[in-house]
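Novice:
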Amino acid sequence: MQNIISKIRSYYPVSDEALDALTCVFERHVFPSKTLLIRAEQFDRQVYFIEQGITRSYILHEGKEITTWFSQEGDAACGSWDLYRHKAGFEYVETLEQTIAYVISVEQLDRLYRSYIDLANWMRILQQENFLRLQDVHICRLNLSAKERYELLMKEQPALFQRVNLGYIASFLGITQQSLSRIRAEERLF
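Our numbering numbers the first residue of the sequence shown as 635 and each following residue consecutively.
The following block contains the structure:
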């Protein structure tokens with residue numbers, strides 16, 4: 635559980651007591667690659683903390699999958715509407731490789747937040763950082779060229795390109811796979 639604990643503590647100095655309370659209610663699961671953890675329009679009140687592996691979140695638009703997020707070691711994956719609006723959401727979350735995740739219900743998390751202020755503060759900061767990352771992605775799509783978005787993602791998350799299908803990365807960047815291939819080919823020329 636080292637990846638999860640390290641990531642938690644990178645956001646906030648959660649006490650050992652609070653971490654013990656959190657981790658003792660975790661349920662360990664091993665999911666094969668291509669497992670749908672969360673399905674659109676199906677209420678899911680679980681949060682998946684990823685110890686090893688990677689997931690992608692996506693939506694369906696006119697029958698086409700559009701990648702909206704990647705979660706890796708130490709990250710949490712969940713449906714945002716399920717978590718915040720208490721109703722079935724619009725997104726899917728699937729594993730992209732075998733994934734070891736520790737699962738906890740939203741209700742259990744809520745109880746822990748009431749008992750441990752440092753856990754509540756950690757989650758507040760985590761959600762704040764995720765909001766800012768989403769805002770950055772949105773602003774980049776509006777202001778940067780496809781090549782600039784690719785270069786930024788390559789700089790910030792180079793390992794993603796070794797672990798994730800290029801079609802998913804292209805979708806996340808808001809470009810076609812052909813455009814991504816062309817950008818990558820141009821990069822190799824220089």
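Using N, Cα and C, we set each Cβ at its ideal position, and we do this for glycine too. Treat the numbers as computed from the prediction; the structure is a model and nothing was measured.
(1) Can you grab the Cα-Cα spacing for the pair Val740 / Lys781, in whole Å?
(2) Three-state secondary structure (DSSP) at Ser705?
(3) Go to Val771, then tell me how far its alpha helix (DSSP H) extends in each direction, as first and last residue.
(4) Which term fits Ser691, buried or exposed, when burial requires 16 or more other beta carbons within 10 angstroms of its beta carbon?
(5) My assumption, with CB atoms under 8 Å, is that Ile672 sits in contact with Gly713. Please give the rounded CB distance.
(6) Mind checking Asp716: buried by the 16 CB within 10 Å criterion, or exposed?
(7) Taking C-alpha atoms, which residue in Phe704, Tyr718, Arg719 and Phe724 lies nearest to Glu675?
(8) Tell me, please, which residues DSSP counts as bridged to Glu790.
(9) Within the continuous alpha helix (DSSP H) that includes Glu821, where are the two ends?
Specialist: Quick answer:
(1) In a straight line, the C-alpha of Val740 is about 39 Å away from that of Lys781.
(2) Ser705 carries a strand assignment under DSSP once its states are collapsed to helix, strand and coil.
(3) Ile751 to Asn777
(4) buried
(5) 5 Å
(6) buried
(7) Phe724
(8) DSSP lists no partner for Glu790.
(9) Gln811 to Leu823
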